[in-house]
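Residue numbers (my numbering), protein chains in the order written: chain Y, 1 to 425; chain F, 1 to 253. Beta carbons: idealized from backbone N, C-alpha and C, even for Gly. Keep in mind that this is a model prediction, so the values were computed, not measured. Notes follow the structure.
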Ligand code: SF4
Ligand code: SF4
Ligand code: SF4
């Protein structure tokens, strides 16, 4: 069928940051199908030059309002590697708990507020206040609990204040921690209700084979540090991230692009799950199974489901972590003393939208000489772009309207949960 | 909504973001205990990060972010024309925020550092009031949702809002937080505007002054105190320039 199609989405809604989708099909032939990032750059790497080590985490948290904890963690990890600091075990557990808090709040925000409306023919979650207040109540309860967890462990959800080079500044109040454990257990029925809700959604059937990149878990589903792995069989050390990302500048976008074994690769919940499925909590695996999500899964729309699987995992794992943390006496030191020194360090952290890298080079005074940050959405941009092309190609053959194609392309981009202002940092 | 037999206005609200991290607008979706009431008290008609509906009819425009490109200036001017009441939301919008540290360098230099030989279009960072008239400013990085709620209530009931006049120290005392100076750290709390409930000192970080200057600061005294504790004037000034709210003291761009 020789059809003409035109999609021109300027500043896509319900995503973080500013991006455009442009599709032009003339007489059945694709003239253009592209994903363009038009966000204004902030030049963080340039601003980081000259900053003292204690400013780096505070500054880079401001790269992203949603995953500020992850940025802060990648930043202090890079600095700790540069200075040769080993942090206490308790600090590692507290950081992981803060990380789970962030993954939970970010995934809930995305699942309920950004992704779900498309599946129930709404333009935002706001009409649900009238139509289905129970769902809004569940969303508010789950997201609220996650935010409170971040507040307790990291001092604040947006732009944490307790995560520092050398460890974590406070041992959280044990009574509050125990209370959280109970609240997390009580949230499990809400999680099941969310799973049931997503079971009613029709996930578009679209597959384009790609490469998935994430941290490699050893005995835990990975979130903070470790080796890097790809589903095409590549494995590298954390400090070799540049060879894993191969960032390059493209004309039509203020965000850079990345590639590895193919023309593009994907990071995020689906990538983590594809590369580390066996390490998921058994309850999370059960959820994956009900959706038929098994590694290696190549439908990008299933990233939504992968996030759902991860919230189940993170909830159970937070309960485990709290139990372990409660074993420590409250006066256990959570910080180590250190001296700044000359050196280079890399920190890799799995933020909600995928693997994130920070690298700093320090002078003897503990000030940054050179900085590099590679953001998950930067790594996904090329993959999103080629997905759009393939999605259009497959649907042109089926026949389509502009409106339907616009919705489908928008849903595809939203499934990646892109963090665009982050990618143009 | 009725209160004391009076019908409240339900203002049409729009939220726009510019050069920033979107952390302030995210606070609109936080504080879940009161989220539903908050969303009922106002009529959000335009908020790209969380909704696809778009309307150009609004009473209040919240502007988040700083301005750093020509197309942003145009967008801002159009919004100013349409909005009856324009609020700068967060430290990026009020002062330029951390982004403003870019202005220390030539634009060609920052471009070379990040994009190499393919520079992108960029301008020195400016706050909103450097470009258009601003009716109200809510500082903070991020803003405090509790404070945003209070301010919105005042707007709905047409009661003028008064920011606290005390510095951040006052809120530390209310929370029984151990002073960061006592722990050997430099804190801008004595000269920084309170109202945030001092989350940073309590969480383990001194105040970096994200909300700008408090009502009646004594800078001479503060520089002396810092010196006594072993912090040079340069160090204090570097700290003050972090969020951009102390430029009247530091003289930075
Ligand atoms: S003021 Fe801070 S939290 Fe708000 S948008 Fe700017 S950087 Fe983000
Ligand atoms: S910690 Fe800072 S804000 Fe708090 S009392 Fe001390 S100087 Fe004031
Ligand atoms: S304590 Fe200082 S840095 Fe922290 S929120 Fe308040 S004004 Fe901002």
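*Could you name the residues whose beta carbon sits closer than 5 Å to any heavy atom belonging to ligand 2, keeping them in chain order?*
Those residues having their beta-carbon less than 5 Å away from any non-hydrogen atom of ligand 2 are, in chain order, F:168, F:169, F:172, F:179, F:180, F:187, F:189, F:201, F:207.
*Should residue 158 (chain Y) be listed as close to ligand 1, given that the test is whether its C-beta is under 7 Å from any heavy atom?*
Within the first chain, residue 158 (chain Y) is the residue found at index 158, counting from 1. Yes, the beta carbon of residue 158 (chain Y) sits closer than 7 Å to at least one heavy atom of ligand 1.
*From residue 224 (chain Y) to residue 96 (chain Y), what does the alpha carbon distance come to, in whole angstroms?*
Here residue 224 (chain Y) refers to the residue found at position 224 of the first chain. Here residue 96 (chain Y) refers to the residue found at position 96 of the first chain. Answer to the nearest angstrom: the Cα atoms are 7 Å apart.
*asked:* So, for residue 37 (chain Y): in the same chain, excluding its five sequence neighbours on each side, which residues have a beta-carbon less than 7 Å away from its beta-carbon?
replied: Taking the first chain and counting its residues from 1, one reaches residue 37 (chain Y) at position 37. Excluding positions up to five away in sequence, the list reads 19, 253, 254, 255, 381, 420, 423, 424.
*Determine which residues of the segment 110-129 of chain Y have a Cβ less than 8 Å from any Cβ of chain F, and write them out in chain order.*
113, 114, 117, 123, 124, 125, 126, 129
_Need the endpoints of the alpha helix (DSSP H) that residue 195 (chain F) sits in, please._
Counted from its first residue, the second chain places residue 195 (chain F) at position 195. First-last for residue 195 (chain F): undefined, no H or E at that position.
*Cβ-Cβ separation, residue 214 (chain F) to residue 194 (chain F) (assumed contact under 8 Å), whole Å*: In the second chain, the residue the question calls residue 194 (chain F) occupies position 194. In the second chain, the residue the question calls residue 214 (chain F) occupies position 214. Going by Cβ atoms, the distance from residue 194 (chain F) to residue 214 (chain F) rounds to 6 Å, so yes, they are a contact pair.
_Proximal chain F residues relative to residue 64 (chain Y), where beta-carbon distance stays under 9 Å_ = Along the first chain, read from residue 1 onward, the residue named residue 64 (chain Y) stands at position 64. Within chain F, the C-beta atoms nearer than 9 Å to that of residue 64 (chain Y) come from 21, 22, 23, in chain order.
*asked:* Does the contact criterion of 3 or more C-beta pairs under 8 Å hold for the segment 214-231 of chain F versus the segment 178-189 of chain Y?
replied: no
*Assess, as a yes-or-no matter, whether the segment 289-308 of chain Y is touched by the segment 238-246 of chain Y under the definition of 3 or more beta carbon pairs within less than 8 Å.*
no
_residue 55 (chain F) burial status per 10 Å Cβ neighbour count (16 or more: buried)_ = By 1-based counting over the second chain, the position of residue 55 (chain F) is 55. When all chains shown are included, residue 55 (chain F) counts as exposed.
*Element boundaries [beta strand (DSSP E), containing residue 63 (chain Y)]*: For the purposes of this step, residue 63 (chain Y) is identified with residue 63 of the first chain, where counting begins at 1. Residue 63 (chain Y) -> no beta strand (DSSP E), and no H or E assigned at all.
*Rounded to whole angstroms, what's the CA-CA distance from residue 71 (chain Y) to residue 80 (chain Y)? Just pull it up for me.*
As a working mapping, residue 71 (chain Y) is identified with position 71 in the first chain. As a working mapping, residue 80 (chain Y) is identified with position 80 in the first chain. If I take the Cα positions, the gap works out to 14 Å.
_Test: residue 114 (chain F) CB closer than 8 Å to a CB of chain Y_ = Position 114 of the second chain holds residue 114 (chain F). Yes - at least one Cβ of chain Y is within 8 Å of the one on residue 114 (chain F).
*Could you check the C-alpha separation between residue 284 (chain Y) and residue 23 (chain Y) for me, to the nearest Å?*
Within the first chain, numbered from 1, the residue matching residue 284 (chain Y) stands at position 284. Within the first chain, numbered from 1, the residue matching residue 23 (chain Y) stands at position 23. Cα-Cα distance, rounded: 37 Å.
*CB contact below 8 Å: residue 53 (chain F) versus chain Y*: Taking the first residue of the second chain as position 1, residue 53 (chain F) is located at position 53. Yes, its Cβ sits closer than 8 Å to a Cβ of chain Y.
*Helix, strand or coil for residue 232 (chain F), going by three-state DSSP, please let me know.*
To locate residue 232 (chain F), count along the second chain from 1; it is residue 232. Coil at residue 232 (chain F), not helix or strand.
*Any heavy atom of ligand 3 within a distance shorter than 7 Å of the CB on residue 116 (chain Y)?*
In the first chain, residue 116 (chain Y) corresponds to position 116, counting from 1. It does not: the Cβ of residue 116 (chain Y) is nowhere closer than 7 Å to a heavy atom of ligand 3.
*Residue closest to residue 170 (chain Y), alpha-carbon to alpha-carbon, out of Y:218, Y:90, Y:365, Y:105*: Here residue 170 (chain Y) refers to the residue found at position 170 of the first chain. Nearest C-alpha to residue 170 (chain Y) among Y:218, Y:90, Y:365, Y:105: Y:90.
*Report yes if the C-beta of residue 100 (chain F) is less than 7 Å from at least one heavy atom of ligand 3; otherwise report no.*
For this step, residue 100 (chain F) is matched to residue 100 along the second chain. Answer for residue 100 (chain F): no, Cβ out of range of ligand 3.
_Using the three-state DSSP reduction, which class does residue 167 (chain F) fall into: helix, strand or coil?_
Within the second chain, residue 167 (chain F) is the residue found at index 167, counting from 1. If DSSP states are grouped into helix, strand and coil, residue 167 (chain F) belongs with the strands.
*asked:* My assumption, with CB atoms under 8 Å, is that residue 213 (chain Y) sits in contact with residue 265 (chain Y). Please give the rounded CB distance.
replied: Reading the first chain from its first residue, position 213 is the one you call residue 213 (chain Y). Reading the first chain from its first residue, position 265 is the one you call residue 265 (chain Y). About 5 Å; that satisfies the 8 Å criterion.
_C-alpha gap between residue 379 (chain Y) and residue 41 (chain Y), whole angstroms_ = Walking along the first chain from the start, residue 379 (chain Y) turns up at place 379. Walking along the first chain from the start, residue 41 (chain Y) turns up at place 41. Going by the C-alpha atoms only, they are around 16 Å apart.
*Roughly how many whole angstroms lie between the Cα atoms of residue 201 (chain F) and residue 207 (chain F)?*
Locating residue 201 (chain F) in the second chain gives position 201, where the first residue counts as 1. Locating residue 207 (chain F) in the second chain gives position 207, where the first residue counts as 1. Approximately 6 Å, taken between the alpha carbons.
*Sorry if obvious, but does the Cβ on residue 239 (chain F) come closer than 7 Å to a heavy atom of ligand 3?*
Along the second chain, one-based indexing puts residue 239 (chain F) at 239. No; taking the cut-off as 7 Å, the Cβ of residue 239 (chain F) has no heavy atom of ligand 3 nearer than that.
*To which residues of the same chain is residue 326 (chain Y) closer than 7 Å at the C-beta, ignoring the five residues directly before and after it?*
Taking the first chain and counting its residues from 1, one reaches residue 326 (chain Y) at position 326. Only 174, 177, 178 meet the Cβ criterion.
_Residues of chain Y with CB closer than 8 Å to the CB of residue 27 (chain F), please, in chain order._
As a working note, residue 27 (chain F) is residue 27 in the second chain. Ordered by position in chain Y, the residues that pass the 8 Å Cβ test against residue 27 (chain F) are 158.
*Under 8 Å between C-beta atoms, does residue 224 (chain F) make it to chain Y?*
If you number the second chain from 1, residue 224 (chain F) lands on position 224. Judged by the 8 Å Cβ criterion, residue 224 (chain F) is not in contact with chain Y.
_Looking at chain Y, is there any beta carbon in it that lies within less than 8 Å of the beta carbon of residue 108 (chain F)?_
Indexing the second chain from 1 puts residue 108 (chain F) at position 108. So no, residue 108 (chain F) is outside the interface.
*asked:* Residues in the same chain with beta-carbon distance under 6 Å from residue 268 (chain Y), minus the five sequence neighbours each way, listed in chain order, please.
replied: Within the first chain, residue 268 (chain Y) is the residue found at index 268, counting from 1. For residue 268 (chain Y), where only same-chain residues beyond five positions count, the Cβ hits under 6 Å are 303, 353, 354.
*From residue 411 (chain Y) to residue 157 (chain F), what distance separates their C-alpha atoms?*
The residue labelled residue 411 (chain Y) in the question sits at position 411 within the first chain. The residue labelled residue 157 (chain F) in the question sits at position 157 within the second chain. Computed Cα separation, rounded: 40 Å.
*How many whole angstroms separate the CB atoms of residue 21 (chain F) and residue 64 (chain Y), which I take to be in contact at a CB cut-off of 8 Å?*
To locate residue 21 (chain F), count along the second chain from 1; it is residue 21. To locate residue 64 (chain Y), count along the first chain from 1; it is residue 64. Contact holds; Cβ gap of about 5 Å.
_Per DSSP, the bridge partner or partners of residue 50 (chain F)_ = In the second chain, counting from the first residue as 1, residue 50 (chain F) sits at position 50. DSSP lists no bridge partner for residue 50 (chain F).
*Nearest-angstrom Cα distance between residue 43 (chain F) and residue 154 (chain F)?*
The sequence position of residue 43 (chain F) within the second chain is 43, counting from 1. The sequence position of residue 154 (chain F) within the second chain is 154, counting from 1. C-alpha separation (whole angstroms): 16 Å.
*asked:* Rounded to the nearest angstrom, what separates residue 52 (chain Y) and residue 83 (chain Y) at their Cα positions?
replied: As a working mapping, residue 52 (chain Y) is identified with position 52 in the first chain. As a working mapping, residue 83 (chain Y) is identified with position 83 in the first chain. Near 13 Å, if we compare the C-alpha coordinates of residue 83 (chain Y) and residue 52 (chain Y).
*Return the residue from the list Y:243, Y:158, Y:167, Y:137 that minimises the CA-CA distance to residue 193 (chain Y).*
Counting from 1 along the first chain, the entry for residue 193 (chain Y) is found at position 193. Cα-wise, what sits closest to residue 193 (chain Y) is Y:137.
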